[in-house]
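Trainee: Protein chains in written order, with this note's numbering: chain A, 1 to 320; chain B, 1 to 194; chain C, 1 to 689.
Pasting a structure below so you can have a look.
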Amino acid sequence: MIAASFRAHVRLVPLLLSVLFLAGCIPDGISFLTPAGPVADAQKEHLISITVISLIVVLPVLIGTPLIILRYRRKGGARYRPDWAYSGPLEALMWGVPVLIVGVLGWQLAKATYELDPTAVIAGDPPLEVQVVGLNWKWLFIYPEQGVAALNAMPMPEGRPVSLHLTSDTVMQSFMIGALGSQIYTMPGMETQLNLRADQVGQYRGVNTQFSGAGFDQQSFVAQVMTPEDFDDWVAAARSSGTALDAAAYTQLGQSSTPAEAAAMFAGTGAPAGSVWFSEVETGLFGSIIGKYMSAEGVADSDQTGSPSYQPVQSEGDVE
Amino acid sequence: MSAMTHTAEDRALYGFWVFMMSDLILFGLMFATYGTMLTTWGFASGPEPSELFSMGPVAIETAILLVSSLTFGLATLALKHGQGRGVIALWLVITLALGLGFLAMELRDFAEMAAEGAVPQRSGWLSAFFGLVSLHGLHVAAGCVWIMVMLAQLAVFGPTLDVASRLSRLGLFWHFLDVIWIGIFSVVYLGALA
Amino acid sequence: MNLLGRMGWGDVVFEPALANPDSSDLIAAGAGGVVVLGAIVALYCLFHYRLWGVFWRGWLTSLDHKRIGIMYIAFAMIMLVRGVLEGVVMRAQQADGLDGGFLTSHHYGELFSTHGTIMIFFMAMPFLTGLINIIVPLQVGARDVSFPLLNALSLAFTAAGGALIMVSLVVGEFSTGGWTGYPPFTGVAFQPGVGPDYWIWSVALAGIGTTLSGINFVTTILKERAPGMTFARLPLFTWTAFTTSVLMVFALPPLTVATSLLALDRMAGFHFFTNDLGGNMMNFANLFWLFGHPEVYILILPAFGVFSEVFATFSGKKLYGYTSLVIATVVIAVLSFTVWVHHFFTMGQSANLNAIFGIATMTIGVPTGVKIYDWMATMYRGRVRMSVPMIYSVGFIMLFVIGGLTGIILANPTVDYQVHNTLFLVAHFHNMLIPGLLFGMLAGYTFWFPKVFGFQLDAFWGRIAAWGWIVGYSLTFFPLYAVGLMGMTRRTASYTIEAFQPWMLVSGLGALVVLGALVALGLQLWVSIRYRKALTVEGGDPWDGRTLEWSLPAPVPEWNFAHIPMVTARDDFWEKKRTATVDATPATYTDIALPRNSMLGPLFAVAATALGFGLIWYIWWMAALAAAVMPLAIIVRSFRTDIHRVIPADEVAAYDLAFRETRAALVPVGRDGEETVANRGRANREAFE
């Protein structure tokens, strides 16, 4: 297989890339070039391999063009054949090589697309279920099995697959933790899926990549990968020191705010700056967030979280 | 100097064909949008096709439009056989009347639907329905205006080469709208029965 | 009823700048001020120098395809200036954007939205439409396009869209939804103001103009070719113009549908793309990219056409692989309709669908690669001269293949899952559109300028501009690849990761070089106009050209061809120069009928602008009036019979014979003197000796 013969060359490329990016200039935890999980790792490998294979058709142009111009410059004295306009073998090469390369790349593409399908659950322990809600301009993570939730931080255990179910309760957003794996859109009234696994304890940056208004550039969060024991400790801590995520609290989250502004509304939950821990979650919250867009009455602008017209109805149980 | 040569007529007809292909894409996309909205999600717990459509008026509308194509064809034949502007105009007036009748019936259908609460603001499917059907209706209205203009031109110029060329394009347009309506009739109305 | 709809004094951009301004407000007010000032200066000049009559009779109401083309390109150049300035401001913001910067996120959102909308719809599209307008009839041996009045209306719609986007700088605000305008963010629930409406109507009007242009060009190329100009002899630029026009006819309707339905959602409470009641924003993504991807090839193919002409001409050689190039062009056009899903691999559809569209996307790389190799082979065994159009073309090849490489990378859903919506993507499409489209347009501008105006552009400033674009582009956009791979999201005004900043600073520096290149283009034009006498090329053939247009006088008379040529070969003019039959004088001349001027063009421009403005601000009387005026004007016009005027054969003969005499008297110049004042537009026969 042609692809296999490139494996050897592929080994050289990290060197090339690290030169290109002045090795070490990439801070840990922000990019798939410094992967911390199997998905991001495979994506990096795939990037390198297709880059190298594509260079077969690209390098001849980059090298050949200056050489031709030099050799056939006007005063160069090379043979001039103004009527030469066709060569069978050359045509075959021009069409044939790209077709072959695209064949190889296409095969690789399909293989990788199936293997890294974000909806496919990653092998290993039974996955941790997390429900993700995109809001203006923050992320809410609900852990249905544990009954806790977190705003703008996603604690997760090392080595255990995580199965994310995502939706949005505002405009379309796009969820990505670069160092761990794929990004996926979140859309109101719809649910998308993403499967990840982190193999190294650490802090990984997660973002919304789809512009969503004034606070968009502050909509990042931290995926906190910890040992399974620490994760259990975190669940216990959230249960004890967090605040309840009930309808009133969710109404507050629905207002457009930056992570810092939102966290200020729920101080003292023991979460790091810009985040909030929730001790309990109203049952069926995630389903009701999706379900409200299917109601026969529609969603009035004053009920639309994230809309500038959003005017949440004052509820009895005020969180203050 | 304005009398069209055959080449100019040919080129105008050709350009008009290209325009209609572009227009066809417009309708195709509205059909596709309609198709994607024909789901539980698209109905949004509102009225559904099977509850709303009554086939009687729709069948009459279809018949009217088909007959109008026939009468337009008779106008074209009259032009071809040099039957004088009176005969041509007569057939055009009949076509116009049928076109206006079709529009009146369609508006009546819309009003009935609205009375049942089936307005385009009710659901995605109804938005797509009104979008598609009124796009066709707007085309028919434009065709009616065009017929009126051609009646005036016939009165002013008589059946000159220029006028004949324009009538041939109008004919193309009118028959095209018929074809689109057959599509709407099959996909939207017959589809609701299935 | 409020006569001004929902408009109030607070919507005028100067108001917030006077009240309690921050740096964003001041920049917005400054930009609005420039628009107002520019309009005042333009009007003052028109009246003060009594140019109004010339402008009206010679330009605004003219149906001459060359003049309409020039107006398209002038319009594109003005919009290019605005687009580049916006780009520079955005680069400056990101260079300064670590933990802050001087622009608000909202203002930054308006900037990237107008920048993208302008560059695609009001710079790139008018530029290539203008070039096609001017060149295609000359290349196929026609007197005009098939429908000269329709041509003026196309320009009117495009100009109206552009006018709206300029007005948005002064009154109201623009959408922050990007050039793609995805709902629900552009829906009324999230942006209740006029911003998205400005986007919708400016784009929709421009789209109508483009559709009409497409219909016109398709008919022109199929029906107006001179005898002997078979499809196998069409110059490559005309071939690409043809495929682009076909794409315009078929790919613009999805845009019309997407924008109209979004407008219905916003204005009439429909539910095509809303969050609730059955709306589905995924339909918008599909509709938009069903237009948007073919649009990419609408933009790039004419540039490919220009490169084909330039490589052949400045290598003094036949175009290598004509048949391959034509096949590749057509294959690209067909495939362009099969790849739109790659713009949203991350929307959650199945791996099957992503794999199919990913492979289809990579397949486009094959014909595109073949084109690149064909151009290399065209230079091979030629005599390559690095004139200004050639610098752009070689710069294109070298940079474009890098963009092709990153395109292949992005075609992989697996990798796209990482770099989608990052600056990697921004770097990629700028890599395709600046070296691909813009270099092609600038090469075409330099190449054909002498044909249209009768004097060549100054080569010194041309070289500085070309190198400025190449260096400036590279400095600006290659860093974006790096930060994109590092996960820097596009459309962020500010960021918190320090590692991004060095790259942003380099990119900002690059933007300044691009600005310099733009200034150089301006200086080139100014210097050339100033020394136009010395730079005259009245012989009409400054580059030792190959195709029909170079046989004509420069500037080309309004009737183009005194005598419709009989085409006998692919590079017809080149072959005739070889056999010296170029100097044969036609035996007879005939009367030529040309379309009379029509005021419908300017009328439509005003009416369409008023229509858009009325719909944006809910000024219903204005919208209704404007909507009624346009069809009425067409109907009234259809009763006019004196739409042609005749140029007598004597006049044509006198002009043509004088030109032939002048040309014969010119000293033939060799290719060494090509960019000097010695070049008067008659080439010597060195290529044949």
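Even for Gly, the Cβ is constructed at its ideal location relative to N, Cα and C.
All figures in this text were calculated on a predicted structure; none of them were measured in a lab.
1) Among all the DSSP beta bridges, which residues are the ones paired with C:T243?
2) What span of residues does the alpha helix (DSSP H) with C:R530 cover, start to end?
3) Within the continuous alpha helix (DSSP H) that includes C:R67, where are the two ends?
4) Could you list the residues in the stretch 75 to 99 of chain B with a C-beta less than 9 Å from some C-beta on chain E, going in chain order?
5) Compute the distance between the beta-carbons of C:A466 and C:I402, then report whether it is under 8 Å.
6) Whose CA, out of C:T446, C:D458, C:R463 and C:Y473, lies closest to the CA of C:V426?
7) Would a C-beta distance cut-off of 8 Å place C:R381 and A:R74 closer than the cut-off?
8) Assuming the contact rule is C-beta atoms closer than 8 Å, C:A29 and C:A17 should be a hit. Round their C-beta distance to whole Å, please.
9) Counting along the chain, where does the beta strand (DSSP E) carrying A:L128 start and finish?
10) Using a Cβ-Cβ cutoff of less than 8 Å, which residues in the same chain neighbour A:P228 once the five nearest sequence positions on both sides are dropped?
11) Between which two residues does the beta strand (DSSP E) containing A:V222 stretch?
12) Could you confirm whether any beta carbon from chain A is found closer than 8 Å to the beta carbon of B:S68?
13) Taking the straight line between their C-alpha atoms, what separation do you get for C:L290 and A:D83?
14) Looking at the C-beta of C:T219, does it have a partner C-beta in chain B at a distance below 8 Å?
15) What number of angstroms, rounded off, separates the C-alpha of C:P183 from the C-alpha of C:F284?
16) Which residues of the stretch 268 to 300 of chain A have a Cβ closer than 8 Å to any Cβ of chain B? Give them in chain order.
17) Checking 8 Å against the spacing of the C-beta atoms, do B:G15 and C:I215 come in under that value?
18) Under 7 Å, CB to CB, which of the residues in the stretch 29 to 55 of chain B have a partner in chain C?
19) Hey, would you say A:G124 sits closer than 8 Å to C:N275, going by beta carbons?
20) Identify which residue in C:F288, C:Q93, C:G53 and C:P435 has its Cα closest to the Cα of C:L111.
21) So which residues on chain C does A:W139 lean against when the C-beta distance must stay under 8 Å?
22) Compute the Euclidean distance between the alpha carbons of A:A23 and A:Y204, then round it to the nearest angstrom.
23) Could you check where the alpha helix (DSSP H) with C:G139 kicks off and where it finishes?
24) Indicate whether at least one CB of chain C lies closer than 8 Å to the CB of B:S22.
25) Check the Cβ-Cβ distances between B:L26 and every residue of chain C, and say whether any is below 8 Å.
26) Using a Cβ cut-off of 8 Å (strictly closer), state whether B:V179 contacts chain C.
27) Less than 8 Å between the CB atoms is what I'm expecting for B:F195 and B:G143, so what's the real figure, rounded?
28) Could you give the distance in angstroms between the alpha-carbon of C:W559 and the alpha-carbon of C:A649?
29) Indicate whether at least one CB of chain A lies closer than 8 Å to the CB of C:L485.
30) How far does the beta strand (DSSP E) with A:A150 in it reach, from first residue to last?
31) When DSSP builds the beta bridges, which residues end up paired with A:E321?
32) Round the Cβ separation of B:M150 and B:L167 to the nearest angstrom and send it over; I've been treating them as touching at under 8 Å.
33) Since C:T244 meets chain B, which of its residues come closer than 8 Å, beta carbon to beta carbon?
34) Using DSSP with H/G/I as helix, E/B as strand and the rest coil, what is A:Y86?
35) Tell me the residue span of the beta strand (DSSP E) that contains C:T104.
36) Got a sec? Which residues, its chain only, sit under 7 Å from C:F659 by beta carbon, not counting five neighbours each side?
Mentor: Inspection of the coordinates gives the following:
1) In DSSP, C:T243 forms no bridge with anything.
2) Q501 to R530
3) H65 to A95
4) Any reference to chain E falls outside this structure, whose protein chains are A, B and C.
5) The beta carbons of C:A466 and C:I402 sit no closer together than 8 Å.
6) C:Y473
7) Not in contact: C:R381 and A:R74 (Cβ atoms no closer than 8 Å).
8) 3 Å
9) L128 to L135
10) P157, E158, G159 and R160
11) Under the DSSP assignment, A:V222 falls in the beta strand (DSSP E) whose first and last residues are S220 to M226.
12) no
13) Rounded to whole angstroms, the gap between the alpha carbons of C:L290 and A:D83 is 41 Å.
14) yes
15) 7 Å
16) Here the close residues are M294, S295, A296 and G298.
17) yes
18) L29, M30, T33, T36, M37, W41, G42, F43 and A44
19) no
20) C:Q93
21) By Cβ distance, chain C contributes nothing, its closest Cβ being about 14 Å from A:W139, past 8 Å.
22) Residue placement at A:A23 cannot be trusted, given a pLDDT of 46 that sits under 50; the coordinates are not used to answer.
23) According to the sequence provided, residue 139 of chain C is Gln. The question's Gly does not apply to it. For C:Q139, the enclosing alpha helix (DSSP H) begins and ends at M125 to V140.
24) Closer than 8 Å to some Cβ of chain C, the Cβ of B:S22 qualifies, so yes.
25) yes
26) No, because no Cβ of chain C sits closer than 8 Å to the Cβ of B:V179.
27) Here chain B comprises residues numbered 1 to 194, so residue 195 of chain B is not present and cannot be evaluated.
28) In this structure, the alpha-carbon of C:W559 lies about 11 Å from that of C:A649.
29) Taking CB atoms only, C:L485 has a neighbour in chain A less than 8 Å away.
30) V148 to L151
31) Any answer about residue 321 of chain A is impossible in this case: the structure gives chain A only from 1 up to 320.
32) 6 Å
33) By Cβ distance, chain B contributes nothing, its closest Cβ being about 14 Å from C:T244, past 8 Å.
34) coil
35) C:T104 -> no beta strand (DSSP E), and no H or E assigned at all.
36) P553
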